[in-house]
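A short worksheet on the structure shown next.
Protein chains: 2
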Amino acid sequence: MEHNLEQFVVEIQELLRLDDRDALQETLDFMRVQDIAWVLMELGGEDLPTVFNRLPPGRKADVFGYLDPDYQMRLLDTTPRADARFLLSEMDTDDLTALLQSLGEEQLREYLRLLPFRAIRRALKQLNYPENSVGRVMSSDVVAVEPDWSMKRALAFIRRNADEHSNNVIFVVDAERRLLAAVPIRHFLRGRAEDPVASLLEESPPVSVSVLDDPIEAARRIQHYDLETLPVVGEDRVLLGVVTVDDVVDLLEAESTEDFHKMGSVGNLNLSLQSASPFLLYRKRVGWLLVLVAFNAMGGYVISRYEEAIEALVALVFFLPLIIASGGNAGAQSSTLMVRAIATGEVTARDWLKLWGKEIGVSVSLGVTMGMAVSLIGLWRGGFELALLVAIAMTLIVAAASVVGMLLPIILTRFKLDPATASVPLVTSLADIFGILIYFALAVAIFNITITGT
Amino acid sequence: MEHNLEQFVVEIQELLRLDDRDALQETLDFMRVQDIAWVLMELGGEDLPTVFNRLPPGRKADVFGYLDPDYQMRLLDTTPRADARFLLSEMDTDDLTALLQSLGEEQLREYLRLLPFRAIRRALKQLNYPENSVGRVMSSDVVAVEPDWSMKRALAFIRRNADEHSNNVIFVVDAERRLLAAVPIRHFLRGRAEDPVASLLEESPPVSVSVLDDPIEAARRIQHYDLETLPVVGEDRVLLGVVTVDDVVDLLEAESTEDFHKMGSVGNLNLSLQSASPFLLYRKRVGWLLVLVAFNAMGGYVISRYEEAIEALVALVFFLPLIIASGGNAGAQSSTLMVRAIATGEVTARDWLKLWGKEIGVSVSLGVTMGMAVSLIGLWRGGFELALLVAIAMTLIVAAASVVGMLLPIILTRFKLDPATASVPLVTSLADIFGILIYFALAVAIFNITITGT
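In order, the protein sequence lines correspond to chains L and Y. Here this note's numbering is used: the first sequence runs in plain steps of one and ends on residue 865. Here this note's numbering is used: the second sequence runs in plain steps of one and ends on residue 865.
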């Protein structure tokens, strides 16, 4: 699919260059609104408003809703007032909220002036919820009926009130708008016209989420309970809005991206790689690099304590990168497995004992395999004693690093810290330090090297 | 949420220990089927059938559908034939297919004997599609109407045919069952009773996916077009089934997990960390560890070429871990950013030139910062010349490793290879080799060390 969309980008750039308006019009007519939005964001720059303005008015609003907030802002800046008013008033409340919260104060004031009163009220209400709460991402376009209504009345109400913005679930609320049930529209078709809506209610209350919860909690519930829509409630279980599964797909993806970046020791970007400025990228990377310098300097310090060993047998240094890197790699593997299993909820802190036993077995087997592999190189390069040294050191280091890589995410979770802080570079750096220690301590013992200490 | 579920596990284990059947019954009555399934899989072992058998017959089938195939198999093995027949016949076709495809031949024959003919036919049809195709994961429970029917007739048909297994979208097909439209049920409520279904059709054909496509393609389309359901078509656009967004959430999560593991240089597990045997884990890890040994041995070889430099100035070794590790860390960061941006479709191969310019700027800034930081340590430990060496080496290595970390995933993509193969350990190992080269080459130049070659 993305391949086709890229072709559209190339084609449209070509048509713009040729200034072939008819062909451009034809191409755009043929495309779906989501595709047009994707292509517009790829084009960027001056082509963004040029192409957008060629769209028929009806499609403009649809395409606009699918753009990321920074692209929406760029378009609004180049659009006449009347058109901007139209675009803004057609937006879903959750998209509008996302746009408004990315504005500076002055721009916010200006845009609010353009909006119809009802839209302002709804958007301001959502902006009142704390950042990173369900309230900010929910949609308040819900259709709710009452339990004592007849099916006929409920269906007539749904017919009048369900529009493009609403979804396939109808909520049942009491007179105080407290949530009683979430019922797919198709169930309303099943009952007889005179049956009360109450006959559709199930025994257990519907799964819901609090308006103040973290959006990721909403995503996890939708995933766990296989829901299409998750009602959002406030105090006293009063229905306030809804989170739909398509929002959730994007939320979970953003969460995975954050974890992914953390594992590579990159700070939380909150922006796409394309939109992020070089300075932001620098800031998000330099912190961890400098922290890790401290760890790596410790490795250097440990080496300096064994200066005499190196002077006695310089061949020791040849195997240093191999042995410490292998420890780091094994540690990276087990922390990666663990961090991801915790993130998907597959492994909880309770499971660590079960996994610990398994990890020990796997780690030692890996260590022995690696030790044997590398002892051959040792034998070839330095004789029996060196082969013995590298084999034992490799076994110990790989096994120990694996176990550390597995334990660190669990320990972080126990202390309510993000397990993904146990990034691959961090685990690798830790493995380096004790790898160097183990290697030289063994070397001193095997080769009977005297260390006087400095 | 998961926190609460863990409490359920503890509570149920306690009730089983006390053999308090009434309290257990009460707890189970209170729980949702998805939660019971989760808890059963956590309990595992003998408690799995014990607790499952306490469930009222009506809930058994529901809970069963939410279990992973290996747990379903374990239950079927301990369940009387008649009950097993009931459980199997109540399953959704896609879940049943997932179960059947994880069975060995003998078990498959036995289970097929238990199934009603209609279910066998549907499941075998799905198993006929290639592995890792949409056909294997789709649901064939679809409701389809024809364009010349009246709304009234269509609604009556929906009322009769839409059940628990179906979804909120009704498909419109022609007499040859070719897909014409996908219409949310609520749109059927809007029209007048005598209007034809054709009045609901839109100009452009609905987004669909081919039954032979990769399931990830279906997931990406659902995400890109914000769909709830994606129709699956065969040759000639004949409607065969549907993929729903809740399947997609799990698919995308599995895809992210695979990428995540690759970045930590772990092979594709295809199983949860909990279910994977120690031997499988060993196999999925040892391959990359051994491949990386080859790279790391090259690093050792490079060092051995500079034996004389080390003998001339042993202090050179102290800074070795620091400098090569920092290069590895910077490379890890940029490959992580790149691999994820490619995976989410945010960055395509077309964009590399744009990103390349940005990455050069960021890399050099990071290199200079790191060089300055480490030159202070150099000054303190070894005087001006050493400080100069480590500063220049650090700058070059960090900048070079960042650029390599960014380019490698793009190059892999160009050659139609998985960009996530540019794992953190691989990029780190590559950075190690040329880090050592740069460092010693600079040392030889700055300290005027004569290398005779061996």
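Note that beta-carbon positions come from the ideal geometry of N, C-alpha and C, so glycine has one too.
Query, Result
"Among 579/L, 494/L, 797/L, which has the Cα closest to the Cα of residue 727/L?", "797/L"
"Listed from N- to C-terminal order along the chain, which residues in the stretch 708-727 of chain Y have their beta-carbon within a distance smaller than 7 Å of any beta-carbon of chain L?", "708, 710, 711, 714, 715, 718, 721, 722, 725"
"Please state the DSSP three-state secondary structure of residue 443/L.", "coil"
"Can you pull the chain L residues whose beta carbon is under 9 Å from the beta carbon of residue 839/Y, in chain order?", "736, 739, 740, 743, 835, 836, 839"
"How about residue 563/Y: is its C-beta nearer than 7 Å to some C-beta of chain L?", "no"
"Return the first residue and the last residue of the beta strand (DSSP E) that residue 640/L is part of.", "640-644"
"Where does residue 604/L fall in DSSP's three states?", "coil"
"With respect to the beta strand (DSSP E) encompassing residue 652/L, which residues constitute its N-terminal and C-terminal limits?", "650-655"
"Would you decide whether residue 738/L is buried or exposed? Buried here means 16 or more other CB atoms lie within 10 Å of its CB.", "buried"
"Around the Cβ of residue 889/Y, are there at least 16 other Cβ atoms within 10 angstroms (buried) or fewer (exposed)?", "The structure shown does not extend to residue 889/Y, since chain Y spans only 412 to 865, so no value can be given for it."
"Classify residue 610/Y: buried if its beta carbon has 16 or more other beta carbons within 10 angstroms, exposed otherwise.", "exposed"
"Compile a chain-ordered list of the residues in the stretch 666-691 of chain L whose CB is closer than 7 Å to at least one CB of chain Y.", "667, 668, 671, 672, 674, 675, 676, 677, 683, 684, 685, 689"
"Among 674/Y, 652/Y, 572/Y, whose alpha-carbon lies nearest the alpha-carbon of residue 839/Y?", "674/Y"
"Grab the span of the alpha helix (DSSP H) containing residue 689/Y for me, first residue to last.", "689-716"
"Going by beta-carbon coordinates alone, are residue 820/L and residue 833/L separated by less than 7 Å?", "yes"
"Consider the Cβ of residue 596/Y: report whether some Cβ of chain L lies at a distance smaller than 7 Å.", "yes"
"Which residue from 659/L, 596/L, 631/L, 708/L puts its Cα closest to that of residue 608/L?", "596/L"
"Please decide whether residue 558/L counts as near chain Y, where near means a Cβ-Cβ distance under 7 Å.", "no"
"What does residue 777/L reach in chain Y if we use C-beta pairs closer than 7 Å?", "693, 696, 697, 700"
"Have a look at residue 829/Y and residue 669/Y and give me their C-alpha separation to the nearest angstrom.", "11 Å"
"With DSSP as the reference, label residue 862/L as helix, strand or coil.", "coil"
"Let me check one thing: in DSSP terms, what residues is residue 594/L bridge-paired to?", "581/L"
"Tell me which same chain residues have a C-beta within less than 6 Å of the C-beta of residue 499/Y, skipping the five on either side of it?", "525, 526"
"I'd like to know if residue 757/Y contacts chain L, where contact means its C-beta is closer than 7 Å to some C-beta of that chain.", "yes"
"What is the residue span of the alpha helix (DSSP H) that residue 573/Y lies within?", "Premise fails: residue 573/Y is in no alpha helix (DSSP H) and is neither H nor E."
"Report the CB separation of residue 503/Y from residue 550/Y in whole angstroms; it is logged as a contact under 8 Å.", "6 Å"
"Do residue 852/L and residue 742/L have their C-beta atoms within less than 7 Å of each other?", "no"
"Nearest to residue 795/L by CA position, among 712/L, 858/L, 815/L, is which residue?", "858/L"
"Does the Cβ of residue 414/Y have 16 or more other Cβ atoms within 10 Å, making it buried, or fewer, making it exposed?", "Any reading at residue 414/Y is ruled out, since the residue's pLDDT is 49, under 50, leaving its predicted position unreliable."
"Using a Cβ cut-off of 7 Å, pull out every chain L residue sitting near residue 615/Y, in sequence order please.", "443"
"Below 8 Å on C-beta distance, what does residue 636/Y contact in chain L?", "443, 445"
"I want to know whether the stretch 722-736 of chain L touches the stretch 415-432 of chain Y - three or more CB-CB distances under 8 Å.", "no"
"Specify, as a first and last residue, the run of the alpha helix (DSSP H) that residue 866/L falls within.", "Because chain L here runs from 412 to 865, residue 866/L falls outside it and cannot be looked at."
"Using a Cβ-Cβ distance under 7 Å, would residue 858/Y count as near chain L?", "no"
"Beta-carbon of residue 780/L versus every beta-carbon of chain Y: anything under 7 Å?", "yes"
"In chain order, what residues of the same chain have a beta carbon less than 7 Å from the beta carbon of residue 420/L, not counting five sequence neighbours either side?", "450, 453, 454"
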